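Some notes on the structure that comes next.
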Amino acid sequence: MPRNGLLICGIFSMLWYVVINIIVPMQYPGYNIASQTVSELSAIDAPTRTLWFVLCIFYSLFLIAFGTGIWLSANGNRKLRFVAAIVLFDAVFGIFWPPMHRREVIAAGGGTLTDNLHLVWAFVHLVLMLLMIGFGAAAFGKSFRIFSAAVVLLFIVFGILTAKESPGIQTNLPTPHIGIWERINIGAYMLWIIVFAIVLVRRNNKLA
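Have a look at this one:
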């Protein structure tokens, strides 16, 4: 069914994001995925900024298709419609994500409003993810709710670890594991999207 095809775009979006995070760092001399954040790939004056932006357009388009598929699969379920609205808003919202400066520029006092807005976007995106997971979990049974709770727990644990190292970005001091902690968080979110898409496809097939 067309709506299942749109839901599968959610899986494609996550797989595409993995591809982006493999291709782009390779084009950034000296970039270290363990000690640097994903945001540094799109930082102002980073050599990979344009490539990141272009590739992420397709990521956003996949997410918009996914959100549309969720809406079409809701069948009057208000929780699923709310999830669809969040996904669609987050996909468009992310396109306008303000970039940060490179950490050496920030440490030298060269940060501007865009750095503050970058953090605002990150906070809003986190809230949207939690709402998405919460309402998505509420729309299904116990097993999926337990899985969703485990994902949120990962967010908390590795979010704290990321936050503990983040001051090193502002001071240009070593952040040896920040890239690992952040990517685990991102991976948990990606896994939730993939499982959620699969659950919805199976639900559609049963209702067909």
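Heads up: the sequence shown begins at 5 in this note's numbering, then just goes up one per residue.
Just so it is clear, CB atoms sit at the ideal spot from N, CA and C, and this is done for glycine as well.
All of these numbers come straight from a predicted model, not from anything done at the bench.
* Asked: Between A69 and the rest of its own chain, which residues show a CB-CB distance below 6 Å, the 5 nearest in sequence each way excluded?
  -> Around A69, the same chain offers L10, C13 as residues with beta carbons nearer than 6 Å, after the five sequence neighbours per side are excluded.
* Per DSSP, which one or two residues make a beta bridge with I48? -> For I48, the pairing in a beta bridge is given by DSSP as H105.
* What is the residue span of the alpha helix (DSSP H) that T166 lies within? -> Where T166 is concerned, the enclosing alpha helix (DSSP H) stretches over 146–169.
* **P29 (DSSP reduced to helix, strand or coil)** => P29 falls in the helix class under three-state DSSP.
* Asked: Does DSSP put A95 in a helix, a strand or coil?
  -> In the structure shown, A95 sits in a helix (DSSP, three-state: H, G or I).
* **Residues near L76 by beta carbon distance below 6 Å, same chain, minus five either side** => Counting only residues of its own chain and dropping the five nearest sequence neighbours on each side, L76 has a CB closer than 6 Å to the CB of R7.
* Can you tell which of E108, Y32, G98 has its C-alpha closest to the C-alpha of L121? -> For the set E108, Y32, G98, the Cα lying nearest the Cα of L121 is the one of G98.
* Close beta carbons around W20, own chain, < 7 Å, minus the five adjacent residues each side -> If we look at W20 and ignore the five residues flanking it on each side, its Cβ neighbours are F62, Y63, F66.
* To do: Compute the Euclidean distance between the alpha carbons of V54 and V205, then round it to the nearest angstrom.
  => According to the sequence provided, residue 54 is Thr. The question's Val does not apply to it. Distance between the alpha carbons of T54 and V205: 35 Å.
* **The alpha helix (DSSP H) enclosing S77, as first and last residue numbers** => For S77, the enclosing alpha helix (DSSP H) covers residues 53–77.
* Would you please state the rounded distance, in angstroms, between the beta carbons of N36 and G183? I believe it to be under 8 Å. => With 8 Å as the limit, N36 and G183 qualify as a contact, their Cβ atoms being about 7 Å apart.
* Relative to the C-alpha of I173, which residue among W101, R107, N79, L92 is closest? -> Minimum Cα distance to I173 is reached at R107.
* Cβ neighbours of F162 in the same chain (closer than 8 Å, five flanking residues each side left out) -> In its chain, beyond the 5 residues on either side, W185, E186, I188, N189, A192 have a beta carbon closer than 8 Å to the beta carbon of F162.
* **Secondary structure of G138, DSSP reduced to three states** => If DSSP states are grouped into helix, strand and coil, G138 belongs with the helices.
* Asked: How long is the line joining the alpha carbons of M133 and N79, rounded to whole angstroms?
  -> Cα to Cα, the separation comes out at about 22 Å.
* **T116 burial status per 10 Å Cβ neighbour count (16 or more: buried)** => Exposed.
* L84 and A143 look like a contact to me (Cβ under 8 Å); what is the Cβ gap, rounded to whole Å? -> A Cβ-Cβ distance of about 5 Å is found for the pair L84 and A143, placing them in contact under the 8 Å criterion.
* Applying the criterion that 16 or more other CB atoms from any shown protein chain within 10 Å of the CB defines a buried residue, is T72 buried or exposed? -> Around the beta carbon of T72, 16 or more other beta carbons lie within 10 angstroms, which makes this residue buried.
* Asked: Got a sec, what are the start and stop residues for the alpha helix (DSSP H) Y193 sits in?
  -> Here the alpha helix (DSSP H) through Y193 covers 182–211.
* **Exposure of P178, with buried meaning 16 or more beta-carbon neighbours within 10 Å** => The residue in question, P178, is exposed, as its Cβ has fewer than 16 Cβ neighbours within 10 Å.
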